[in-house]
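Note sheet for the following structure.
Residue numbers (our numbering): 12 to 166.
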């Protein structure tokens, strides 16, 4: 019986596998779950692009970024949970850089633009959650989408 216990104690098969599992499984779990915030980040970006493209179609027809188009765009953003917010006294979404002067189809440069700037979520918080040096700021950067087209406005 004692020899059997000694043989069992000497048998170290599986210990290396156990240690490897203990070290590797948390790393794999972090990698698996870190995909989710990046997916959410990219999906928000795709939604913003589709909303900006819709606004650009309206700007093409009118020839400028009017208050009606801004209101319609803000309404579309609110529908997907990206309503108006204020950070450090600046209001977002911001349309600065868009075409606010009437541009006609026959002008020498009939280019119209729509620029949308909106705070992006801070995806480095996940690094901080696992002990890294991620930022604790609510927003770390901005989505800034700029699109151009030719004006179709006649008058």
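Don't be surprised by glycine CBs; every beta carbon is placed ideally from N, CA and C.
Is DSSP giving residue i helix, strand or coil here?
{"i": "residue 133", "result": "coil"}
{"i": "residue 122", "result": "strand"}
{"i": "residue 110", "result": "coil"}
{"i": "residue 58", "result": "helix"}
{"i": "residue 164", "result": "coil"}
{"i": "residue 77", "result": "coil"}
{"i": "residue 96", "result": "strand"}
{"i": "residue 115", "result": "coil"}
{"i": "residue 13", "result": "helix"}
{"i": "residue 91", "result": "coil"}
Could you name the residues of the same chain whose beta carbon sits closer than 7 Å to that of residue i, not counting the 5 residues immediately before and after it, in chain order?
{"i": "residue 67", "result": "125, 158 and 160"}
{"i": "residue 62", "result": "84, 87 and 88"}
{"i": "residue 56", "result": "154"}
For residue i, collect the residues of the same chain with a Cβ closer than 6 Å to its Cβ; drop the 5 residues on either side in sequence, then sort them by chain order.
{"i": "residue 155", "result": "128"}
{"i": "residue 58", "result": "91"}
What distance in whole Å lies between the Cβ atoms of residue j and residue i, which are believed to be in contact at a cut-off of 8 Å?
{"i": "residue 153", "j": "residue 121", "result": "About 29 Å separates the two Cβ atoms, so there is no contact after all."}
{"i": "residue 41", "j": "residue 123", "result": "The pair is not a contact, with the Cβ atoms about 45 Å apart (cut-off 8 Å)."}
{"i": "residue 102", "j": "residue 95", "result": "6 Å"}
{"i": "residue 132", "j": "residue 52", "result": "6 Å"}
Could you name the residues of the same chain whose beta carbon sits closer than 8 Å to that of residue i, not counting the 5 residues immediately before and after it, in chain order?
{"i": "residue 115", "result": "74, 121, 162, 164, 165 and 166"}
{"i": "residue 111", "result": "75 and 76"}
{"i": "residue 80", "result": "66, 69, 70 and 73"}
{"i": "residue 118", "result": "162"}
{"i": "residue 113", "result": "74, 75 and 164"}
Run through the DSSP bridge pairs and tell me what residue i is partnered with.
{"i": "residue 158", "result": "125"}
{"i": "residue 101", "result": "98"}
{"i": "residue 153", "result": "130"}
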